[in-house]
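**Student:**
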Amino acid sequence: MTDSKYFTTTKKGEIFELKAELNSDKKEKKKEAVKKVIASMTVGKDVSALFPDVVNCMQTDNLELKKLVYLYLMNYAKSQPDMAIMAVNTFVKDCEDLNPLIRALAVRTMGCIRVDKITEYLCEPLRKCLKDEDPYVRKTAAVCVAKLHDINAQLVEDQGFLDTLKDLISDSNPMVVANAVAALSEIAESHPNSNLLDLNPQTINKLLTALNECTEWGQIFILDCLANYTPRDDRESQSICERVTPRLSHANSAVVLSAVKVLMKFMEMLPKDLDYYGTLLKKLAPPLVTLLSAEPELQYVALRNINLIVQRRPEILKHEMKVFFVKYNDPIYVKLEKLDIMIRLASQANIAQVLAELKEYATEVDVDFVRKAVRAIGRCAIKVEQSAERCVSTLLDLIQTKVNYVVQEAIVVIKDIFRKYPNKYESVIATLCEHLESLDEPEARAAMIWIVGEYAERIDNADELLESFLEGFHDESTQVQLQLLTAIVKLFLKKPTETQELVQQVLSLATQDSDNPDLRDRGYIYWRLLSTDPVAAKEVVLAEKPLISEETDLIEPTLLEELICHIGTLASVYHKPPSAFVEGSRGVQHKRLAGSAGSGESVESPDTGSAAGVSEAPPAVIPSQGDLLGDLLNLDLTPPTATGPPPAAAPGMQLGAMDLLGGGLDSLLGGDIGGSPAMGAGFGAPPAAMPASFNAPVSGGLDDLFDLGGGVGMTMGSYTPPKTVWLPAMKAKGLEISGVFVRRSGVIQMEMTLSNKAMSVMSDFAIQFNRNSFGLAPAGPLQILTPLSPNQTIEAALPLSTVGPVMKMEPLNNLQVAVKNNIDVFYFSCQYPISMLFLEDGKMERQVFLATWKDIPNENESQFQIKDCHLNSDAASNKLQGSNIFTIAKRTVEGQDMLYQSMKLTNGIWVLAELRVQAGNPNYTISLKCRAPEVSQCVFQNYEAVLKN
Amino acid sequence: MISQVFILSSKGDHLIYKDFRGEAGSDVINVFYEKVTALPGDQPPVVMSHGDLHFVHVRQGGLYWVATTTADSSPFSLIEFLNRLACLVQDYCGTLTEKAVQMNFALIYELLDEVVDYGYVQSMSSDVLKNFIQTEAVSPRPFSLFQLSNVGLFGAETQQSKVAPSSAASRPIQSSREQGGKSEIFVDVIERMSVVIGSNGVLMKADVEGEIKVKCYMPNCSEMRIGLNEEFSIGKSQLRGYGAAVRVDEVSFHQAVKLDEFDNNRILRLSPSQGEVKNTLSIH
């Protein structure tokens, strides 16, 4: 006679039968009936109709039956709230039963019945149970507070249960402490600002004491709670570490990982030269290694975590390479993770071992794994320079196996090795070409075509090879088409005589017969380049490529830092921040490592190299062919209109043009560099420099170009410096602000670019200024209407007034700004060009000028030198006028031009200037006279900035 | 925090379903089954997500043991919990099969109730749990050839009848309570060797892992002593004795094992609780 009969098929009228059995007098029969009901419940049948009958069975002293009835109640009370009230009396009575098991059972079950009406009755019994003499009841009651809080938070606060719960942290029974900590942590998460779980050295001490006596599961709650604590100094953090370390040898992997998390976090605070730091590092390795002999599921989770730890602190596991070698019976997902970690740990010391392993893996049967292994060999070559040669020879051996997918994968990888070590391993090209026919995957084909194009001069029959690919051009994937186009252009530039026809053919295929915009645009760019100036084309297409680095597959440092704080949680398995997959408030706190040293060094732009590499190109092109550049720019630029161009046009448009060009170059050059945001910034400098260098040889064709670049600025009125970074992302939890001050048609504007480099959405922006020298203040609120999502950038223009409170600053043009968003308030200070305060009506009458000049005492006069300025006096005067510095008179004495100029600040202060320009002498002399001599320095700086740009 | 726990048969039948926090409906069971069966081979199956619900599962005894959670909780504790739960069910029901789970559902619900409260794991030690668990296990009696083979020809005593049948250790721990006197202890020594030999015949790697499992059916077991070889040495510590040494890289012990005599005499003292106790030795 077994219970499985309960699962057998349902007959008609079953409910009716059960009803009869439930109301039977015999206990045994009742129990059987309730079991049947629960069996039906489990398989998903609706037995809620039996509610009253089941509840009738509740009053029994048979614990087994009681438990079954409670189980039923938990499931159906929600759907029958009115009926559930019937059970309340029994619950209240059970809470006072002599048997602690029954008391605990009643409290536990009542908490699970999520019906509002019942919770009212729950309060009294719960209060008693929280102070029960039996720890089993107390620990159950502690969790019950969390349950109740979830249903009715207000009630819990009103009844003062939170205080009782806090008292339980000091309970004598460690199990009770653990549950109280768990409950408090959960409640605290829904009230981020309350200091419910007030972690101070005393409570920490209590927790650490309970840690030693608790069950393993309780230890997990306590350790997780400890991880949220921030020690006051390194001594405290060391003493906590010392007391947590013994947990590392626990048999429960969850305890081990929670301990690792606490240690990884607190280690940040320890000085690295401390002996203890080294000891701790050594202690971390063995438990991580032990995790790898557990069940495959645990291994997988452990490997995902180790992957993070290895990126953050490779020194912990650097000697443990062997444990990451793949076992034949590992599931594939464990194998792939191990492979990843092997590469991260690869170094000169162990590379021979690793390569031997990888080569072995590459001959296994599992295709996915083999592919990954071949890729891994390539990554080793790129990571460990000394091993590159061995890797290449290993790859060649693998190619000789002629296993189709191995060969293809190897070719993709060899392409990367060529990129990393140019002109070193080209001798293998011949071998590669032998396998041309067998390639059928787009990635491998594209890689091979790239190799042929890149080394066309060394491959005798390069044209034949490429021609053979060209036959089926339209059947290829876009990746291959693009590569083929570039490769043939390269070939043409290297061997122009014999390949003219081929290049014609591919260009027409790309531009006329293709409807892929990428392909078409690239075709047009090449076409134009080749038809206007082959020399320039050569420089662009065959330019030196930036080297690729091994860091491409690393997790972004800020994300890594956040993930390290979440070691041993789901975030560490997904390698995503919790905000990406947990909804609501719970668990979405951004955690950061406390140590400052770590975060400082970790954020560096990996793109600077490539950006710099590309930005060299434009200046090199300009002098040789002005028309070409004009042409190219016109291609993408709307011609500047004289009437009111849109704000921010000057830098924006130039950047846009350059960016477009850059985008093209970028793909011409590398094909896989990828348009990076840093690219735009990289072009900030050249356009600003352009007008100056073109000013001297002003000629017909170039004039247009000049107008294009500088002319926009002229009509606008003033020189606009490029935006500078005011608030780096590191200092502002991921918010980066760069900006510039400009004056446009009499209105001062602060033009800002806000970028969100954090992982969470930012909103609720507001801005405020400190008091400053000229009373600058925002004229309106900061208009950022949409929330800023991660990696998004937004432009904002803030009009300023000069009627705010005044306080003299040092330096005079210093401005302190506070920006607030939903995350925090950030402060930065910046300096504005004083020219934005120059009014449009700053032109003085000649007579007044003369009188004023004389009137201002001589001690207010200051003289400055502006060096290396090659403008003539008229050009200088024009330029300065753009910034509301007006020339009133010009005198020429002995070949020296004297310009008399005036300007008026927003607060009514006049500044008079005398600028001496001597033909042929790049050094100007300027004398400034003003009733408030403090401004002279600023005005001089402004002169310098305007004249030199 | 555990939101729900459910056990599915390999065909996807619902065997056990328990909701601890009321955060998701029972329809997710089917979602899980669809997901896990549709998973391509190279995708790690351990953690899967559906909306903001995350499934963590292990497979033991041909069953899916699944826990769900909505928060960013520790997958280690979830996996460890599921493994322990499977172990506990095996201890209580005797074997770990679909049939055994189906027959003992009331017992398993009771266990789950004691083991987890509102998603927090409370205690999984059979010592503690035996105070709370009321339901008796029902043990299936499968037809077994082994039992036939134990009967000697014409009732004669054979060599085999002196050896306990291999299925002897698979019975519920609680049933020993009323069976009374039959106090038994099973000690299993299990070794696993994995060797990788390169295609050219070179030995790439060889390692041996082993464990000693103790299964105890004594109602109140007093202390028990297991002696290991005197020459047994761990890690790089000095070799002992003169005979062929046994050297292991690493040893880990169950928490019930007392090690005070281990260093000198290589004796493990343990007072096993009912059920399975593992000492894992991994040897290279």
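Protein sequence lines correspond, in order, to chains C and A. For what it's worth, this note's numbering labels the leading residue of the first sequence as 98, then goes sequentially. For what it's worth, this note's numbering labels the leading residue of the second sequence as 51, then goes sequentially. Here a beta-carbon is modelled for each residue, glycine too, at the ideal position from N, C-alpha and C. Quantities reported herein were computed from a predicted structural model and do not represent experimental measurements.
1) Taking only three categories from DSSP, how would you classify N1046/C?
2) Counting only beta-carbon atoms, is E595/C nearer than 7 Å to chain A?
3) Please decide whether V140/C counts as near chain A, where near means a Cβ-Cβ distance under 7 Å.
4) Can you list, in chain order, the residues of its chain with a C-beta nearer than 6 Å to that of T306/C? Leave out the 5 residues immediately preceding and following it.
5) Quick one: give me the first and last residue of the alpha helix (DSSP H) that T312/C is part of.
6) Who are the neighbours of T237/C on chain A, taking C-beta pairs under 9 Å?
7) How is H532/C classed by DSSP in three states: helix, strand or coil?
8) Spatial neighbours of R516/C within its chain, please: C-beta separation below 6 Å, excluding the five flanking residues on both sides.
9) Against chain A, with Cβ distances strictly below 7 Å, would R211/C count as a contact?
10) Leaving out five residues before and five after L873/C in sequence, what residues of the same chain have Cβ atoms less than 7 Å from its Cβ?
11) If you draw a straight line from the C-alpha of Q846/C to the C-alpha of A876/C, how long is it?
12) State yes or no: is the C-beta of L452/C within less than 7 Å of the C-beta of R476/C?
13) Evaluate S127/A with the Cβ neighbour count: other Cβ atoms within 10 Å of its Cβ, from every protein chain shown; 16 or more gives buried, anything less gives exposed.
14) Is it right to say S628/C is buried, meaning 16 or more other beta carbons lie within 10 angstroms of its own, or is it exposed?
15) If you run the structure through DSSP and keep just helix, strand and coil, what is S272/A?
16) Does any CB atom of chain C fall closer than 7 Å to the CB of H100/A?
17) So with CB distances below 9 Å, who are the chain B contacts of N426/C?
18) Just tell me which of N159/C, S676/C, A146/C has its CA closest to the CA of K126/C.
19) Just checking, does the segment 198-208 of chain C make contact with the segment 235-254 of chain C on the three C-beta pairs under 8 Å criterion?
20) Let me know the alpha helix (DSSP H) ranges lying completely inside the segment 553-611 of chain C, each 4 residues or longer, listed in chain order.
21) State the CB to CB distance for the pair L934/C and T1003/C, rounded to an integer number of angstroms; the pair is presumed to be in contact (CB under 8 Å).
22) Residue range of the beta strand (DSSP E) that F678/C falls in?
23) Residues of chain A with CB closer than 7 Å to the CB of T460/C, please, in chain order.
24) If distances are taken between C-alpha atoms only, which option among S842/C, F862/C, A250/C comes closest to L851/C?
25) The beta strand (DSSP E) with K164/C in it runs from where to where?
26) Please classify A136/A: does DSSP put it in a helix, a strand, or coil?
27) In the DSSP assignment, what residue or residues form a beta bridge with I891/C?
28) Please give the ranges of any alpha helix (DSSP H) in the segment 946-1017 of chain C, keeping only runs that are unbroken, at least 4 residues long and fully inside the region.
29) Listed from N- to C-terminal order along the chain, which residues in the segment 240-258 of chain C have their beta-carbon within a distance smaller than 7 Å of any beta-carbon of chain A?
30) Which residues bound the alpha helix (DSSP H) around M153/A?
31) Check whether the Cβ atoms of G1005/C and E937/C lie closer than 7 Å to each other.
32) Could you pull out every residue in the same chain whose Cβ sits closer than 7 Å to the Cβ of S59/A, ignoring the five residues on either side in sequence?
33) Can you tell me which residues form a DSSP beta bridge with L281/C?
34) Among F871/C, A485/C, I266/C, A855/C, which has the Cα closest to the Cα of V1032/C?
35) Within 10 Å of its beta-carbon, does S926/C have 16 or more other beta-carbons around it, so buried, or fewer, so exposed?
36) On the three-state DSSP scale, how would you describe I57/A?
**Tutor:** Considering the structure as presented:
1) As a position in the first sequence, residue 1046/C is number 949, starting the count at 1. DSSP, reduced to helix, strand and coil, places N1046/C outside both helices and strands of the structure shown, so it counts as coil.
2) Within the first sequence, the letter at position 498 stands for residue 595/C. No - not a single Cβ of chain A is within 7 Å of the one on E595/C.
3) The residue labelled residue 140/C in the question sits at position 43 within the first sequence. Answer yes: the Cβ-Cβ gap between V140/C and chain A drops below 7 Å somewhere.
4) Here residue 306/C refers to the residue found at position 209 of the first sequence. There are no such residues.
5) One-based indexing of the first sequence puts residue 312/C at position 215. Neither: T312/C is in no alpha helix (DSSP H) and is coded neither H nor E.
6) Counted from its first residue, the first sequence places residue 237/C at position 140. Correct list: D167, Q172.
7) Numbered from 1 along the first sequence, position 435 holds the residue referred to as residue 532/C. Three-state result, H532/C: coil.
8) The residue you call residue 516/C lines up with position 419 of the first sequence. Around R516/C: I645.
9) Sequence index remark: in the first sequence, residue 211/C carries index 114 (1-based). Closer than 7 Å to some Cβ of chain A, the Cβ of R211/C qualifies, so yes.
10) Along the first sequence, one-based indexing puts residue 873/C at 776. Result list for L873/C: F866, L897, T899, G901, L912, in chain order.
11) Your numbering for residue 846/C matches position 749 in the first sequence. Your numbering for residue 876/C matches position 779 in the first sequence. For Q846/C and A876/C, the distance between alpha carbons rounds to 9 Å.
12) Against the first sequence, residue 452/C aligns to sequence position 355. Against the first sequence, residue 476/C aligns to sequence position 379. Taking 7 Å as the Cβ cut-off, L452/C and R476/C do not qualify as a contacting pair.
13) Start at 1 with the first residue of the second sequence, and residue 127/A comes out as number 77. Taking every protein chain shown into account, the CB of S127/A has 16 or more other CB atoms within 10 angstroms, so this residue is buried.
14) Reading the first sequence from its first residue, position 531 is the one you call residue 628/C. So S628/C counts as exposed.
15) Your numbering for residue 272/A matches position 222 in the second sequence. It is coil, neither helix nor strand.
16) Stepping through the second sequence from its first residue, residue 100/A is reached at position 50. Chain C has no Cβ within less than 7 Å of the Cβ of H100/A.
17) The structure shown contains no chain B; the protein chains it does contain are C and A.
18) Here the question's residue 126/C lines up with position 29 in the first sequence. The shortest Cα separation from K126/C among N159/C, S676/C, A146/C belongs to N159/C.
19) yes
20) 559-567, 575-591, 597-609
21) Numbered from 1 along the first sequence, position 837 holds the residue referred to as residue 934/C. Numbered from 1 along the first sequence, position 906 holds the residue referred to as residue 1003/C. Confirmed, about 5 Å.
22) Position 581 of the first sequence, counting from 1, holds the residue named residue 678/C. That residue, F678/C, is in no beta strand (DSSP E); it is neither H nor E in DSSP.
23) Taking the first sequence and counting its residues from 1, one reaches residue 460/C at position 363. Under the 7 Å cutoff, chain A gives S249.
24) In the first sequence, the residue the question calls residue 851/C occupies position 754. If we check each option's Cα against that of L851/C, F862/C comes out closest.
25) For the purposes of this step, residue 164/C is identified with residue 67 of the first sequence, where counting begins at 1. K164/C -> not in any beta strand (DSSP E); alpha helix (DSSP H) instead, spanning 160-173.
26) Indexing the second sequence from 1 puts residue 136/A at position 86. Of the three classes helix, strand and coil, the one that applies to A136/A here is helix, per DSSP.
27) Counting from 1 along the first sequence, the entry for residue 891/C is found at position 794. Note: I891/C sits in a beta bridge opposite L851/C.
28) 970-979
29) V240, A243, K244
30) Reading the second sequence from its first residue, position 103 is the one you call residue 153/A. First-last of the alpha helix (DSSP H) with M153/A: 148-153.
31) Along the first sequence, one-based indexing puts residue 1005/C at 908. Along the first sequence, one-based indexing puts residue 937/C at 840. Taking 7 Å as the Cβ cut-off, G1005/C and E937/C do not qualify as a contacting pair.
32) By one-based count along the second sequence, residue 59/A stands at place 9. Around S59/A: L65, L113, E148.
33) Here residue 281/C refers to the residue found at position 184 when the first sequence is read from its first residue. The partner list for L281/C (beta bridge, DSSP) is empty, contrary to what the question assumes.
34) Taking the first residue of the first sequence as position 1, residue 1032/C is located at position 935. It is F871/C whose Cα lies nearest to the Cα of V1032/C.
35) If you number the first sequence from 1, residue 926/C lands on position 829. Under this definition S926/C is an exposed residue.
36) Here residue 57/A is taken as the residue at index 7 of the second sequence, counted from 1. DSSP places I57/A in strand when its eight states are reduced to three.
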